[in-house]
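Working notes, structure below.
Numbering (the numbering used here), first residue to last: 403 to 650.
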């Protein structure tokens, strides 16, 4: 059987502060496909060879030890420095490459400086809490990440039936795969979508509907036991509270 991410998470044991819940304020920037928003990329960062021009996207790849292993996306926040992924992707030494494509990181690497996961994930890896917020910084860059990539808003309590755009980075490729699919309910706090070609490495990939991220690949079987069906924890007050703690 295949799952979206095979390695165990290395999560800090610190408790997450729970603050008031609520929906995130909206923005005018959306990313309903992998490269829907932003300016043309003109500055390739390794490799040195030229790559096809793309537009900047809030979606990117998570790296550790020189290789990408999961997917993440920029979520709107006051500081403009917040990234969303699956909790089971969290490990030491992570960095984020927004808009990564064809082996090129057009905006460079952004170091993860802080991680917020739910207490229930830390204590028991509850699949209904398989989401995490990462705070990122880039040394020497005064601009916020969100100002460069745009962001999706966090969508909570939206129900289970949506047409979404799903984006992820397979371990074996240096460009994302993208699919449009229809979500359904698979359990009390789990949702699923049938999209072919989402193997290991696509965990944390955002489920985007009308400019809001309403899920990430994760949850049941760490995102699914086949590349053709993906799962996500349902986004309700649990992730709203975690967002509040990550942005306080």
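Even for Gly, the Cβ is constructed at its ideal location relative to N, Cα and C.
- If you follow the alpha helix (DSSP H) that residue 522 is part of, which residue opens it and which one closes it? Unbroken alpha helix (DSSP H) run through residue 522: 521 to 526.
- Sequence-distant residues of the same chain with beta carbon closer than 8 Å to residue 592, five excluded per side: 529, 530, 621, 622, 633, 634, 635, 636
- Where does residue 495 land, buried or exposed, given buried means 16+ other C-beta within 10 angstroms? exposed
- Message: Output needed for residue 599: all residues of its chain with C-beta closer than 8 Å, excluding positions within five of it in sequence on either side, in chain order.
- Response: 572, 579, 581, 629, 630
- Expressed to the nearest angstrom, what Euclidean distance is found between the alpha-carbon atoms of residue 512 and residue 484? 11 Å
- Query: If we count the other Cβ atoms within 10 Å of its Cβ and call it buried at 16 or more, is residue 563 buried or exposed?
  - Reply: exposed
- In whole angstroms, what separates the C-alpha of residue 514 from that of residue 521? If you draw a straight line from the Cα of residue 514 to the Cα of residue 521, it is about 20 Å long.
- C-alpha distance - residue 549 paired with residue 509, whole-angstrom precision: 12 Å
- Query: In chain order, what residues of the same chain lie with their CB nearer than 6 Å to the CB of residue 565, ignoring the 5 residues before and after it?
  - Reply: 584
- Compare the C-alpha of residue 517 against each of 525, 567, 491, 501 and name the closest. 491
- Could you tell me which of 500, 532, 462 sits nearest to residue 657, measuring between CA atoms? Since the first and last residues shown for the chain are 403 and 650, residue 657 lies out of range.
- Task: With a threshold of 16 other CB atoms inside 10 Å of the CB of residue 455, please say whether the residue is buried or exposed.
- Result: Because residue 455 carries a pLDDT of 40, less than 50, the predicted location of this residue cannot be relied on, and no value is offered for it.
- residue 617 versus residue 463 - alpha carbon distance: Near 17 Å, if we compare the C-alpha coordinates of residue 463 and residue 617.
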